[in-house]
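**Student:**
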Amino acid sequence: MAVIRHATLVLILSLIAGLSWAGGIEIREFDDPVMEQRYKSLTASLRCPLCENQAIDDSDAPISGDMREQVYVMLQDGRADIEILDHMTTRFGDYVLYNPRLEGRTLLLWGLPGTLVVLGGVLVVVIVRRRRNASAQALSAEERARLDELINRERTS
Numbered sequence: 045m046a047v048i049r050h051a052t053l054v055l056i057l058s059l060i061a062g063l064s065w066a067g068g069i070e071i072r073e074f075d076d077p078v079m080e081q082r083y084k085s086l087t088a089s090l091r092c093p094l095c096e097n098q099a100i101d102d103s104d105a106p107i108s109g110d111m112r113e114q115v116y117v118m119l120q121d122g123r124a125d126i127e128i129l130d131h132m133t134t135r136f137g138d139y140v141l142y143n144p145r146l147e148g149r150t151l152l153l154w155g156l157p158g159t160l161v162v163l164g165g166v167l168v169v170v171i172v173r174r175r176r177n178a179s180a181q182a183l184s185a186e187e188r189a190r191l192d193e194l195i196n197r198e199r200t201s
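When we follow the working numbering, the leftmost residue of the sequence shown carries the number 45, and every step to the right adds one.
Structural data, given as structure tokens:
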């Protein structure tokens, strides 16, 4: 009986410790549903600088919490989305944007995939045409004689 009581006590204490460790839930109050949607959109489009490929809206990192708070405050101050994104990229760099802006230094990032697809298509066309032309060429007289000689030698062996 004491074992069951002890196990129950350990279970209850573990649950309490787990609930306190889980951290607080952030609740943001918005008067306007459009403002709430903008907040969700912005926090989903900003990457956590600490986490690898995780948006700040679902990251538990302290820096993400700070970024979410900053977005909320800036929205409440009436800032435009582009101003908020500019502020975040000025502070944390272009890494925080899931979709980097099209600028001179990001042209390679945006252009390389399309260029590689086009080059791959050209390469496939060239290979197919070469193979088609190679199989369509007739044998020269010397090649035909050599082939006949090899076939005859194989039959006589």
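For glycine and all other residues, C-beta sits at the position ideal for the given N, C-alpha and C.
Does the count of Cβ pairs from the segment 159-170 and the segment 114-124 closer than 8 Å reach three?
**Tutor:** Too few Cβ pairs lie closer than 8 Å, so no.
**Student:** Looking at T87: is its Cβ nearer than 7 Å to the Cβ of R112?
**Tutor:** By 1-based counting over the sequence shown, the position of residue 87 is 43. By 1-based counting over the sequence shown, the position of residue 112 is 68. Cβ atoms of T87 and R112: closer than 7 Å.
**Student:** Could you compute how far the alpha carbon of E187 sits from the alpha carbon of G148?
**Tutor:** Within the sequence shown, numbered from 1, the residue matching residue 187 stands at position 143. Within the sequence shown, numbered from 1, the residue matching residue 148 stands at position 104. Spanning the two alpha carbons is a distance of roughly 56 Å.
**Student:** Using a Cβ-Cβ cutoff of less than 7 Å, which residues in the same chain neighbour W65 once the five nearest sequence positions on both sides are dropped?
**Tutor:** Within the sequence shown, numbered from 1, the residue matching residue 65 stands at position 21. Low confidence applies to W65: its pLDDT is 47, below 50, so where it sits in the model is not reliable enough to give any reading.
**Student:** By how many angstroms is the C-alpha of R174 removed from the C-alpha of I195?
**Tutor:** By 1-based counting over the sequence shown, the position of residue 195 is 151. By 1-based counting over the sequence shown, the position of residue 174 is 130. If I take the Cα positions, the gap works out to 27 Å.
**Student:** Apply the 10 Å Cβ neighbour rule to V140 and answer buried if 16 or more other Cβ atoms are within range, or exposed otherwise.
**Tutor:** Numbered from 1 along the sequence shown, position 96 holds the residue referred to as residue 140. Counting Cβ neighbours within 10 Å, V140 comes out buried, since at least 16 surround it.
**Student:** Which same chain residues, not among the five before or five after Y11, have their C-beta less than 6 Å away from its C-beta?
**Tutor:** Nothing in the structure corresponds to residue 11, since the chain is present only between 45 and 201.
**Student:** Name, in chain order, the residues that DSSP records as bridge partners for A99.
**Tutor:** Here the question's residue 99 lines up with position 55 in the sequence shown. According to DSSP, which records beta bridges pairwise, A99 is partnered with R91.
**Student:** Can you tell me whether L1 is helix, strand or coil according to DSSP?
**Tutor:** Summary: the structure shown does not reach residue 1, with the chain confined to residues 45 through 201, and so no result is reported for it.
**Student:** According to the neighbour-count rule (16 or more other Cβ atoms, all chains shown, within 10 Å of its Cβ), is L90 buried or exposed?
**Tutor:** Residue mapping note: residue 90 aligns to position 46 of the sequence shown, counting from 1. Buried.
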